[in-house]
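S.K.: Going by my numbering, -11 is the number at position 8 of the sequence shown; the sequence numbering is gapless.
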Amino acid sequence: MIGSKFTPSEELNKLGFRLALFHTWPLEKAVKTLAEMGYKSLELCLEHPELSPDKLTEKEISRIKKIIEDGGLRVSSVSYFSSGDDVSVALEEQKGGVELARELDCRILVVGTLPEAADPDGKKTYRALEELLRLAEEKGVTIAVEPEPETVINGLFEFSVLASRVAGSPLGLSLNIGHVALTEGDVAAAIEEWAPFIMNAHISDVRRHEHVHLLPGDGHLDIYKMVMTLRENDFSGDLIIDLSQTQEAPDQLARIAMERCREMFS
């Protein structure tokens, strides 16, 4: 573990799971299941019906906090990735995410951007992000934008344009190692260049040129090396497993991911 801040057992204590895969499960059951597997943190996804901002009353937020505390987990971030083409709808959901991130004291909201075809010149997306960043600054929350193939913020070039445009705002980078492998090629070099911006790390494998979030070990990436590069460049946050939906049950995928991470960090 030369160059890492953490021992193997400590890396496992930094392992979390993105809750989107469990969007059809009751929140309490999903949290309990992931905790029993050994996960230590969660990325709470607003796409889960129990986390929809229009349902988040003070009483409901207290219930969510209790579920997470009873599971012995922490919240690493809140996220929202729009599946639609309406930037105004996405913005309202993301504003609710800012409030939830503040209430849960994780202080990070991870967001994706619209499909490129829905906003070809990116103008609507940039205006919406500028508005979201103003709110986030008021609330003490960082907006970690995740570049994703075929969206407005497709890769790190587009992220750099955004960063220049909103310099001085609470903008961070959510680095998905699979996305970066697809859009940039050299993940280690991208981590080194953008390290000061990295606020969130999504872990999944990919096969060359296929935008599918695979289990660690099912693609071509050297995930261990990439984690070490993150650590060597002062990223001390959680490692959030982020998988695509398949025919397998989400708990089965989460269990296999944990087993493979235990092997990787042994």
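Quick reminder that beta carbons are idealized off the backbone N, C-alpha and C, glycines included. Because the structure is a prediction, the values reported are computed rather than measured.
#1: State buried or exposed for lysine 21, treating a residue as buried only when at least 16 other CB atoms are found within 10 Å of its CB.
#2: Between which residues of its own chain and methionine -18 is the CB-CB distance below 7 angstroms, once the five residues before and five after are set aside?
#3: What does the Cβ neighbour count give for proline 30, buried or exposed, with the cut at 16 atoms within 10 Å?
#4: Can leucine 25 and lysine 76 be called in contact, C-beta distance under 8 angstroms?
#5: Tell me, to the nearest whole angstrom, how far the beta carbon of leucine 154 is from that of phenylalanine 140; I am working on the premise that it is less than 8 angstroms.
#6: How would you write the range of the beta strand (DSSP E) that threonine 123 sits in, first residue to last?
#7: Using DSSP bridges, identify the partner residues of arginine -1.
#8: Per DSSP, what are the beta-bridge partners of proline 96 in this structure?
#9: Please report how far the alpha carbon of aspartate 102 lies from the alpha carbon of glycine 136, in whole angstroms.
#10: Take every Cβ of the stretch 214 to 222, pair it with every Cβ of the stretch -5 to 9, and state whether three or more of those distances are shorter than 8 angstroms.
#11: By the 10 Å Cβ neighbour count, where 16 or more other Cβ atoms means buried, how is glutamate 5 classified, buried or exposed?
#12: Are alanine 148 and valine 122 closer than 8 angstroms when you measure CB to CB?
#13: Where DSSP assigns a beta bridge to valine 91, which residues make up the other side?
#14: Could you give the first and the last residue of the continuous beta strand (DSSP E) run that contains glutamate 113?
#15: Indicate the three-state DSSP secondary structure (helix, strand or coil) for leucine 202 in the structure shown.
#16: How big is the Cα-Cα spacing for alanine 109 and valine 68?
#17: My understanding is that threonine 94 touches isoleucine 158, with C-beta atoms under 8 angstroms, so please give their C-beta distance in whole angstroms.
#18: In whole angstroms, what separates the C-alpha of glutamate 131 from that of cysteine 242?
#19: Using beta-carbon positions only, say whether glutamate 118 and proline 96 come within less than 8 angstroms of one another.
M.R.: From the atom records:
#1: buried
#2: Confidence at methionine -18 is low in this model, with a pLDDT of 38, below 50, so its placement is unreliable and no value can be given for it.
#3: With fewer than 16 other Cβ atoms inside 10 Å of its own Cβ, proline 30 counts as exposed.
#4: No, the Cβ-Cβ distance between leucine 25 and lysine 76 is not below 8 angstroms.
#5: A Cβ-Cβ distance of about 6 angstroms is found for the pair leucine 154 and phenylalanine 140, placing them in contact under the 8 angstroms criterion.
#6: Note, threonine 123: beta strand (DSSP E), 123 to 126.
#7: Glu24
#8: Bridge partners of proline 96: Thr132.
#9: Distance from the CA atom of aspartate 102 to the CA atom of glycine 136, rounded to whole angstroms, is 15 angstroms.
#10: yes
#11: It should be pointed out that residue 5 corresponds to threonine in this sequence rather than to glutamate. Its Cβ having fewer than 16 others within 10 Å, threonine 5 is exposed.
#12: no
#13: Ser60, Ala125, per the DSSP bridge assignment.
#14: What sits at residue 113 in the sequence shown is leucine, not glutamate. Note, leucine 113: premise wrong, no beta strand (DSSP E); alpha helix (DSSP H) at 104 to 120.
#15: coil
#16: 7 angstroms
#17: With a beta-carbon spacing of about 19 angstroms, threonine 94 and isoleucine 158 fall beyond the 8 angstroms limit used to define contacts.
#18: Each residue's CA atom was taken as its position, placing glutamate 131 and cysteine 242 some 29 angstroms apart.
#19: Annotated as distal: glutamate 118 and proline 96, with beta-carbon spacing of 8 angstroms or more.
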